[in-house]
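Asker: Please find one structure pasted underneath; my questions will follow.
This is how it looks when you write it as C-alpha cells:
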C-alpha cells in the first residue's frame, strides 16, 4: 500500500449491522430471544433504507417474513417499529399482504397505541383489489373518537386517492363528519382529504369553501389550508377583490392565531394585480409583526415586505421606521432583509448611509442573503442611476473580498457579475469602471460559466471603449491559462493573431472554431461577419440535427437549405450561455414536440417544417361545461388550428368532436380532423387545416367564428357507461383571431446594426404613422412589440426617463424563413408619431408589416 494512504474503513453502522445480523436478518430473528436486540436490528434496517442502501427483493422478502414473528411481542416500542419497517419495505418485498390479517387485527383492536400505526402500514401494502375489503374498517377509523386513529385514517386515505379515487370518494360523508372534530389535526387532515377529492370540480370546491368559511374552524392549520385554497380559486377564476373569497382572506387578518394572520397577509400580497390600497391591510399586519419579540415572526414579516417592495415600494414606505429599527437586529438575516427592503423603498439621499450599514456585516451573512442584497442593489441602480458609482464600488468590494475559491458560492458570484453587467448596460458612463472590475475578477475566477460570460462582454463592449487595447492582456491570459471551453469563447473577438495561435491548440473544438472564424474574418465582408460572428444562427439545435439527418437519408443535388430548419422557440440571449460545449442530449422544445405530433397525422405530412406555434388561446370561460383552448400552428402556406377540448360533464360522452370555422378573410378551410371521443375529464384534440390566401399575401389578419359540433351520448355518472343512442349538438365558442404576430417568429440580433447592413436595402420601405390613442413612449413601445410579435434588440424596449424621442429596434423571421428588421423612430407630441423603416430579404414580408401597422 502506498505511503500516506489508508484503507477506507467501512462505516461503523454497516460493521455493527453485519456482526449483529450476519449472515442476514432471518436467522438472527429466529434465534433472537431478546426483543431489545430485534429492536436494535430494525432500527439499523430503517437507517440503511433512509441512507439509500439497496436491498434486494429476495433478502428483503426473507426479512419481511421473519419480522412477522415479532407480532407475538407485546412490547409497544417494538410493535410500532415493526409497523414502520413494514411501511419502508412494502415496495421492495414480495407477498407483503401476508401481514394483512395481523395489521387488520391491530387496526380494529382495543390498543389505541397500535391502531393508528397499523392503519398507516396496512394502507401502504394494500392494492386496489384489496382496498374494498378494508373499506368498512377505514370508514369507522375516520370517525373514530381517538384523534390519532382518525388522523392516521385520513392521511392514509389521502395517499390512496391516487391509487383508487373512486373508492375513497365514497368516504366523503365520514370525512365531513371528521371535519367537525374538536381536534385541530383531525380537522386539518379531514379538510385536506375533502379538498383533494373535489379539486377537479371547481363548483364543489366553491361550495366547500362557502360552507367552512361560514361555519368557522377551530384548527389554525385548517384555516391556513382554507386560505390557500381560496387564493388558488381566486387566481383560477380571475376573481376580483370584491369576491367573497377575498373578503374571507381579509377577515383572517383579524384571527387570534398569528400563523393564520400571516398566511392571510402572505396570500394577499402574492395576489396578482393588487393595488397599494388593497395591500394596505396586509402591510399593516406585517408592520406589527416587525416589532414582535418572536424572531420567526420578525423574519417572516420582513421577508414578505421585501417581496412586496419589488412591485409596490410605495405600499411599504409606511413601514420604513420599523424596518430602520430592524437594521440592528441580532439576527443578521432579519437585518439584511430590512436593509434591502429599505433600499427599495428609501429615498436617493438614504442610499449612502444604508450601504455603509450593510457593509459592516455583509461578510457575516450567508450566500443566500448576499444574493438578496445584490438583487436589491440591481433594482436600486435602475431606480437611481446617478448612484451607480456607489453601487459599483460596493459590488467590487464584495467580489474582491470573496475572490478566493473558498469564499462565496457560484450563485452569489453570478449575481454580482450579472448586476455589474446590468449597470454597464444601463449606464454607459460606468462601462470602463465595470469592465475593469470584471477583468480583475476573472484573473482568479474558478467558474467557467462566469469567465465565458465576462469574456463575451469584453468582446462586445471592449472595442467601443476609448482604449480597447488594455483589455487584450486579460483576454490573452485566459486563452493561455483557461480550459478549452473558455478558450473557445475567445473566437468571438476579431484578433487574427490570437486565432492563428489557437489554430495549433490541443483541443479539437478550439482548433475548429479558430479555423472557422479565421476564414470568415479574412473574407472582410460585413455580411459574413454579421451572419456568423456578431449574430450567429437562431435555429433549433434538435431541429437542425433532425433536418441534417433527413437530408443525408434522402440524397439530393440541391444544397441543404437552412430555411427548412425550425427556429429556436425562445429568444436567444446575447450569447450569455454558460459554456460553449453543447450538452450531450438537448431536451426537445415545445415546438419540436408539436412538430412530431403534427407530422404523425397523415393530412399534415406535406405541409413542410413547422414555423411557429402560438401560446394557448382560451375560447370558453373557465366555469363552462366544455373547456376549449386553441393553439395556432403556422406553416409556410398553411395554418393548423389545434383545439384542446375537455368535457367537464360526468353524465355525457362526446364523440366525433370538431370545431367548425368561418373565416372573415380569404382564408380557406381545407379539412377537419375530429376528436373521436371525449369522456368526462379526459382532454382530447381536434384539428382544422386552413390555407393562407395566395391572391393577397399581405392579408394575414383574420377572424374566425368557431362552433364546436359533436355527437352526445348520455351516460351513467357513476359507471361511465354510455347509452346506445346519441344526438347531435353544438356549442358556440369565442371568436379566434389570427394576427401578424402569428406569422413572425421572434429572433434576437445582438448586433442590430450589423444585421441591418447584412439584410441590405434592396427591399426597404418607410412610412410614418400617428398613434393618436397612445400618450407615452413606454406605452407605444409595449403596443408595437405586442402587436408585431417581434424581438426587441439592444435593450431598445427600455425607454429612458424624461425623453421625448426614442428608437426601437425589432427583429424577427417571417414565415418562409426571411429575416425582417424594423427600426421605429418615436416622437412624443400631442400623441406619438412613429416613423417605421422595414428591411427584409423578401418584399412580401416588408409589405405585410407596413400593411398591418397601417
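Numbering (the UniProt record's numbering), first residue to last: 1 to 854.
Note that the Cβ used here is the ideal one computed from N, Cα and C, for glycine as well.
Hey, how far is the Cα of residue 164 from the Cα of residue 817?
Answerer: As a first step, residue 164 is located in the chain shown; it is residue number 164 there, counting from the start. As a first step, residue 817 is located in the chain shown; it is residue number 817 there, counting from the start. So the alpha carbons of these two residues sit roughly 51 Å apart.
Asker: Since residue 167 and residue 131 should fall inside the 8 Å C-beta cutoff, what is the C-beta to C-beta distance between them, to a whole number of angstroms?
Answerer: One-based indexing of the chain shown puts residue 167 at position 167. One-based indexing of the chain shown puts residue 131 at position 131. With 8 Å as the limit, residue 167 and residue 131 qualify as a contact, their Cβ atoms being about 5 Å apart.
Asker: Give me the residue from 788, 433, 453 with the minimum Cα distance to residue 465.
Answerer: As a first step, residue 465 is located in the chain shown; it is residue number 465 there, counting from the start. Closest by alpha carbon: 433.
Asker: Here's a check: name, in chain order, each residue in its chain whose Cβ is nearer than 7 Å to the Cβ of residue 243, leaving out the five neighbours to either side.
Answerer: The residue you call residue 243 lines up with position 243 of the chain shown. Around residue 243, the same chain offers 234 as residues with beta carbons nearer than 7 Å, after the five sequence neighbours per side are excluded.
Asker: In chain order, which continuous runs of the alpha helix (DSSP H) of length 4 or greater are located wholly inside the region 227 to 312?
Answerer: 244 to 251, 258 to 269, 276 to 289, 295 to 311
Asker: Within the chosen definition, does the region 712 to 719 reach the region 662 to 671 through at least 3 CB pairs nearer than 8 Å?
Answerer: no
Asker: Give me the DSSP bridge partner(s) of residue 818.
Answerer: Locating residue 818 in the chain shown gives position 818, counting from the first residue. Paired residue(s): 814.
Asker: For a quick check, are the C-beta atoms of residue 329 and residue 318 less than 9 Å apart?
Answerer: Here the question's residue 329 lines up with position 329 in the chain shown. Here the question's residue 318 lines up with position 318 in the chain shown. No, they are not a contact pair.
Asker: Do the region 798 to 805 and the region 755 to 763 make contact, defined as three or more Cβ pairs closer than 8 Å?
Answerer: They do not touch, by the three-pair rule.
Asker: Taking 6 Å as the limit between beta carbons, can you name the residues of its chain near residue 848, skipping five residues before and five after?
Answerer: Numbered from its first residue, the chain shown carries residue 848 at position 848. 698, 700, listed in sequence order.
Asker: In three-state DSSP terms, what is residue 55?
Answerer: Here residue 55 refers to the residue found at position 55 of the chain shown. DSSP places residue 55 in coil when its eight states are reduced to three.
Asker: Any idea what DSSP makes of residue 445, helix, strand or coil?
Answerer: To locate residue 445, count along the chain shown from 1; it is residue 445. Residue 445 falls in the coil class under three-state DSSP.
Asker: Roughly how many angstroms lie between the CA atoms of residue 768 and residue 835, to the nearest whole one?
Answerer: Along the chain shown, read from residue 1 onward, the residue named residue 768 stands at position 768. Along the chain shown, read from residue 1 onward, the residue named residue 835 stands at position 835. Cα to Cα, residue 768 sits roughly 4 Å from residue 835.
Asker: Bridge partners for residue 627 per DSSP, in chain order?
Answerer: Residue mapping note: residue 627 aligns to position 627 of the chain shown, counting from 1. Looking at the DSSP assignment, residue 627 forms a beta bridge with 646.
Asker: State the beta-bridge partners of residue 99 as determined by DSSP.
Answerer: Residue numbering aside, residue 99 sits at position 99 when the chain shown is read from its first letter. In the DSSP output, where bridge partners are listed per residue, residue 99 has none listed.
Asker: Hey, how far is the Cα of residue 654 from the Cα of residue 692?
Answerer: Here residue 654 refers to the residue found at position 654 of the chain shown. Here residue 692 refers to the residue found at position 692 of the chain shown. Approximately 31 Å between the Cα atoms of the pair.
Asker: Measure the alpha-carbon distance for residue 90 versus residue 57 and round it to whole angstroms.
Answerer: One-based indexing of the chain shown puts residue 90 at position 90. One-based indexing of the chain shown puts residue 57 at position 57. In a straight line, the C-alpha of residue 90 is about 11 Å away from that of residue 57.
Asker: Output needed for residue 646: all residues of its chain with C-beta closer than 6 Å, excluding positions within five of it in sequence on either side, in chain order.
Answerer: Start at 1 with the first residue of the chain shown, and residue 646 comes out as number 646. Taken in chain order, the residues that qualify are 627, 683.
Asker: Would you identify the three-state DSSP class for residue 688, choosing helix, strand or coil?
Answerer: In the chain shown, the residue the question calls residue 688 occupies position 688. Residue state, collapsed to three classes: strand.
Asker: Per DSSP, what kind of secondary structure is residue 790 in: helix, strand or coil?
Answerer: The residue given as residue 790 occupies position 790 in the chain shown. Three-state result, residue 790: coil.
Asker: Can you give the Cα-Cα distance for residue 332 and residue 363, rounded to whole angstroms?
Answerer: Translated into the one-based positions of the chain shown, residue 332 becomes position 332. Translated into the one-based positions of the chain shown, residue 363 becomes position 363. Taking the straight line joining both Cα atoms gives about 10 Å.
Asker: Which word fits residue 127, buried or exposed, when buried means at least 16 other C-beta atoms lie within 10 angstroms of its C-beta?
Answerer: Your numbering for residue 127 matches position 127 in the chain shown. Looking at its Cβ environment, which holds fewer than 16 other Cβ atoms inside 10 Å, residue 127 is exposed.
Asker: Which residue's Cα is closest to the Cα of residue 838: 827, 790, 799?
Answerer: In the chain shown, counting from the first residue as 1, residue 838 sits at position 838. Of the residues 827, 790, 799, the one whose Cα lies closest to the Cα of residue 838 is 790.
Asker: In the structure shown, what three-state DSSP assignment does residue 661 receive?
Answerer: Along the chain shown, read from residue 1 onward, the residue named residue 661 stands at position 661. Correct three-state label for residue 661: strand.
Asker: Measure the C-alpha to C-alpha separation of residue 708 and residue 656 and round it to an integer number of angstroms.
Answerer: Taking the chain shown and counting its residues from 1, the one referred to as residue 708 is at position 708. Taking the chain shown and counting its residues from 1, the one referred to as residue 656 is at position 656. Taking the straight line from one Cα to the other gives about 10 Å.
Asker: According to the Cβ coordinates, are residue 733 and residue 619 closer than 9 Å?
Answerer: Here residue 733 is taken as the residue at index 733 of the chain shown, counted from 1. Here residue 619 is taken as the residue at index 619 of the chain shown, counted from 1. It is a contact, given that the beta carbons lie within the stated cut-off.
Asker: Exposed or buried, which one is residue 310 when buried takes at least 16 other CB atoms within 10 Å?
Answerer: For the purposes of this step, residue 310 is taken as the residue at position 310 of the chain shown. Answer is exposed; the Cβ neighbour count stays below 16.
Asker: Nearest CA to the CA of residue 611: which residue from 601, 603, 596, 623?
Answerer: To locate residue 611, count along the chain shown from 1; it is residue 611. For residue 611, the nearest C-alpha among the options comes from 596.
Asker: Ordered along the chain, which non-local residues of its own chain (more than five positions away) have a Cβ less than 8 Å from that of residue 12?
Answerer: Residue 12 sits at position 12 when you count from the first residue of the chain shown. Below a pLDDT of 50, predicted positions are generally treated as unreliable, and residue 12, at 47, falls in that range; the measurement from the model is reported next regardless. No residues qualify anywhere along the chain.
Asker: For residue 822 and residue 546, what's the separation of their Cα atoms in angstroms?
Answerer: Stepping through the chain shown from its first residue, residue 822 is reached at position 822. Stepping through the chain shown from its first residue, residue 546 is reached at position 546. Residue 822 and residue 546: Cα-Cα distance of roughly 31 Å.
Asker: CB-CB under 8 Å to residue 350, same chain, minus the five flanking residues each way: which ones, in chain order?
Answerer: Taking the chain shown and counting its residues from 1, one reaches residue 350 at position 350. Taken in chain order, the residues that qualify are 342.
Asker: Mind pulling the alpha helix (DSSP H) runs of 4 or more residues that sit fully within the region 722 to 809?
Answerer: 752 to 759, 777 to 788
Asker: Measuring straight from C-alpha to C-alpha, what distance separates residue 418 and residue 316?
Answerer: Working through the chain shown from its first residue, we reach residue 418 at position 418. Working through the chain shown from its first residue, we reach residue 316 at position 316. Approximately 27 Å, taken between the alpha carbons.
Asker: Mapping DSSP to helix, strand and coil, what is residue 337?
Answerer: Here the question's residue 337 lines up with position 337 in the chain shown. Residue 337: helix per DSSP, three-state reduction.
Asker: Give me the Cβ distance between residue 796 and residue 809, rounded to the nearest whole Å; I'm assuming they're in contact under 8 Å.
Answerer: Counting from 1 along the chain shown, the entry for residue 796 is found at position 796. Counting from 1 along the chain shown, the entry for residue 809 is found at position 809. Indeed, because the Cβ distance is near 4 Å, the residues count as touching under 8 Å.
Asker: In the DSSP assignment, find the alpha helix (DSSP H) that holds residue 88 and state where it starts and stops.
Answerer: Start at 1 with the first residue of the chain shown, and residue 88 comes out as number 88. Residue 88 -> alpha helix (DSSP H) spans 76 to 89.
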